[in-house]
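The block underneath contains the structure these notes are about, expressed in C-alpha cells.
Protein chains: 2
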Amino acid sequence: MASSTVENYLKHILLLSEGGDGLVSMGALAESLAVVPGTVTTMVKALAEGGFARHHPRQGVKLTDAGRRVALNVLRKHRLVETFLVNVLKMDWSQVNTEAEQLEHAISDAVLARLDALLGYPTSDPHGDPIPSSSGQMPAQVYVTLANCPADKPLRVVRVTDQSAEFLKFVETSGLSPDAHVRVTGRNPASGLITVKKSGGRPIALSLAASSRILVAPSRSA
Amino acid sequence: MASSTVENYLKHILLLSEGGDGLVSMGALAESLAVVPGTVTTMVKALAEGGFARHHPRQGVKLTDAGRRVALNVLRKHRLVETFLVNVLKMDWSQVNTEAEQLEHAISDAVLARLDALLGYPTSDPHGDPIPSSSGQMPAQVYVTLANCPADKPLRVVRVTDQSAEFLKFVETSGLSPDAHVRVTGRNPASGLITVKKSGGRPIALSLAASSRILVAPSRSA
DNA sequence: AATTTTTCTTTGACTACTCAAAATAGTTAT
DNA sequence: ATAACTATTTTGAGTAGTCAAAGAAAAATT
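Chains as they are written, first to last, in my numbering: chain Y, -2 to 219; chain V, -2 to 219.
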C-alpha cells in the first residue's frame, strides 16, 4: 500500500506532467508539495525504488505505468469527494479542495464505488476538472482559455483551473462558475485586461492572468 | 493538531476506560492497538507530555479533560461516518467499522457538521453505539445484555458491542440487528447456551459469550 | 519468605519523512 | 574559456512511531 505521502507525490507529478513530455523537475515538484528540493530528490529515488517512477538525474522524474495508475486513482478520489462535498453536503466549492486533500487518502475503493453511484457517475467535478474513470482513463480536455478565445462568440465556462479559495470566491461572485454562458466583449493587451459579459449582465473585467485560468467551450445558445 | 496516531491512542483509551475508574493498563491498550507494550509506554508518556493523559507508572493511563475531548470527537466522527456509510451509501454494516477507522482521522469538523445534518442528527450508529454530541456529551447507556436478562419478557435489541465483521454477519443473518424484537425462551447455564425467539420466528441458539455482546431494552410490543 | 510469573519500562535500533546547508553539475553570460 | 548563476544532489541531523529484547517491579505461587 502506498502511503499518503507517496500518493501525494504521485498525484502532484501527474498534475505537473500534464501537457509536457511527462518529465517533472525537482524544483517544480518541491514547490508544488511545499517541501525543500532536497527532500524531493530523496523521495523521488524512493519512488523509483518502489517502481512508481523513473528518476532521470538532473533532468526530472517521470511516472511509470504503475505510478500513473495510483496517481489517477488518487485524483479520482479527490474529484469524486469534491463533487460529493458540493453536490450532496452543499459545501462551498472554494473550500472543498482542502477537505478532499485529506479524504483522498482515507477513502477505500469500496466506498469510492458507492459514492460514484450515489453521484450518478459524474465525469467532472464542481470546478470542471475531469474525473478519471475507475479503469484509469482521463478524458482529455482540449479547451481554450478565456484569455485567448475569439471575441463575441457565445461561450460556456467548463473549467476553472485554480483551486485557491480566493480565486474560486472571485469566480463565483462574478458568476463565472462552470456552465455559465458568457462572451468576450473586449480585449486590451496593453493594459492586460479583458472584459466579458454574461447574457443580460453587466461587463466583468478580468486580468489576462485570471482569464487564462478559466477554460471555455463554444456554446450554441447565447 | 493531534496526529492520527495520537487520536487513535486517545480513542482506544476512552473505549477501554468505560465502566472502570478510567485507568487503562498498558497491556490492554497494547492489545487493543495491536502494538507491543513497550511502544505504548513510550507513546503514553508522549501523550502525558502533550497534556492529553496522565501516566501512572506501573498502574495505567487516564485521559485528561483535553484528551477526553479529543477522544470523544474522534468517536463522534467514527460513528457518524459509520451511520453515513450504512444509511446513505448502503454499505454492509459488518464492513463499515474498518472504513470508518480511516475516515475518522481525515474528516474535518466542517464536513462532520454537514454530515450530521444530512443524517438528521442521529444519536446512535448502526450498531447501536451512542454518538457523542458535538459538545462532547455521550449518552450513558445502561442496558442489560441478552446473556443476563429475564426470560420471556419482550425485548428490543439496542446495541451490538462487537465490531468484528464475523460477529456482525452472524447477528445480521440471525435477524438480531438493533431494533429487532425478541424474547429469551431458554437458558442453560450448564451447556452455556441460551435460546431466543423473534416474534413468529424459529428459536435461535447463542452462546452466553455471544449473547453478552448484544444489549437489549424492555419492549412494550411483543 | 523465597521463587516464579506476569506486567511494565528501558534501551538500542530501524523506517519514513523532513530540513538546513554544503557540494556538485549544468547552463548562461562575459 | 572562464566566471557566475541556477538547479540538483548529498550529507548530517531531527521528529514520529515502531519493534525486539533486556531489565525492573509487582503480583501470584509455592
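Just so it is clear, CB atoms sit at the ideal spot from N, CA and C, and this is done for glycine as well.
The straight-line gap separating the alpha-carbon atoms of A68/V and S209/V is approximately 26 Å. The Cβ atoms of V93/Y and V83/Y lie closer than 8 Å to each other. Put simply, the CB of M40/Y is far from chain V, with every gap to its CB atoms at 8 Å or more. Looking only at L77/V, T192/V, H9/V, G125/V, the smallest Cα-Cα distance to K59/V is reached by H9/V. Counting only Cβ-Cβ distances below 8 Å, A31/V has no contacts in chain Y at all, with the closest Cβ about 16 Å away. Residue environment analysis places R65/V among the buried positions, since at least 16 neighbouring C-beta atoms fall within 10 angstroms of its C-beta. By the Cβ criterion, the region 97 to 106 of chain Y is not in contact with the region 182 to 202 of chain Y, since fewer than three pairs of Cβ atoms, one from each stretch, lie closer than 8 Å. DSSP lists V193/V as the bridge partner or partners of I201/V.
Taking a beta-carbon distance threshold of 8 Å, A137/Y does not count as an interface residue toward chain V.
Partner residues in the beta bridge of R184/Y, as assigned by DSSP, are I191/Y. In the three-state scheme derived from DSSP, where H, G and I count as helix and E and B as strand, V67/V is classed as helix.
Residue pairing by DSSP places A214/V opposite R153/V in a beta bridge. Per DSSP, the beta bridge partners of L60/V are A50/V. Below 8 Å, too few C-beta pairs join the region 142 to 150 of chain V and the region 108 to 115 of chain V to call them touching: fewer than three. Residues of chain Y with a Cβ closer than 8 Å to the Cβ of Q99/V are, in chain order, A103, I104, S105.
By DSSP's assignment, H178/Y forms a beta bridge with R153/Y. In the three-state scheme derived from DSSP, where H, G and I count as helix and E and B as strand, P127/V is classed as strand. Annotation for E96/Y: the continuous alpha helix (DSSP H) segment containing it runs 93 to 100.
At a C-beta separation below 9 Å, L7/Y has no neighbours in chain V, since its nearest C-beta there lies roughly 18 Å away.
The region 186 to 201 of chain Y makes no contact with the region 113 to 133 of chain Y, as fewer than three CB pairs between them are under 8 Å. A direct Cα-to-Cα measurement between V139/Y and H124/Y gives close to 16 Å.
Using a Cβ-Cβ cut-off of 8 Å, L165/V does not count as an interface residue toward chain Y, since no Cβ of chain Y sits closer than that to its own.
The beta carbon of L112/V falls within 8 Å of a beta carbon belonging to chain Y, placing the residue at that interface.
Across the structure, A31/Y and P127/Y are spaced so that their CA atoms are roughly 25 Å apart. Assigned with DSSP and collapsed to three states, T158/Y falls in coil, not helix or strand. For the C-beta of K87/V, the chain Y residues within less than 8 Å are, from N- to C-terminus, R111. Contact annotation: in the region 115 to 132 of chain V, residues whose CB is within less than 7 Å of a CB in chain Y are L115. Using a Cβ-Cβ distance cut-off of 8 Å, the region 44 to 62 of chain Y and the region 2 to 18 of chain Y are in contact, since at least three pairs of beta carbons, one from each stretch, lie closer than that value.
For V108/V, at least one C-beta of chain Y is nearer than 8 Å to its own C-beta. No Cβ-Cβ contact shorter than 8 Å links A97/Y with V85/Y. In the DSSP annotation of this structure, the continuous segment of the alpha helix (DSSP H) that includes V3/V starts and ends at 1 to 14.
When C-alpha distances from Y118/V are compared across S22/V, F81/V, S91/V, the shortest belongs to F81/V. Counting only the Cα atoms, L115/Y lies some 40 Å from H52/Y. Of the candidates D89/Y, F164/Y, R180/Y, R180/Y places its Cα closest to the Cα of K194/Y.
For G24/V, the enclosing alpha helix (DSSP H) begins and ends at 23 to 30.
One thing to note: L13/V has its Cβ within 8 Å of the Cβ of A25/V.
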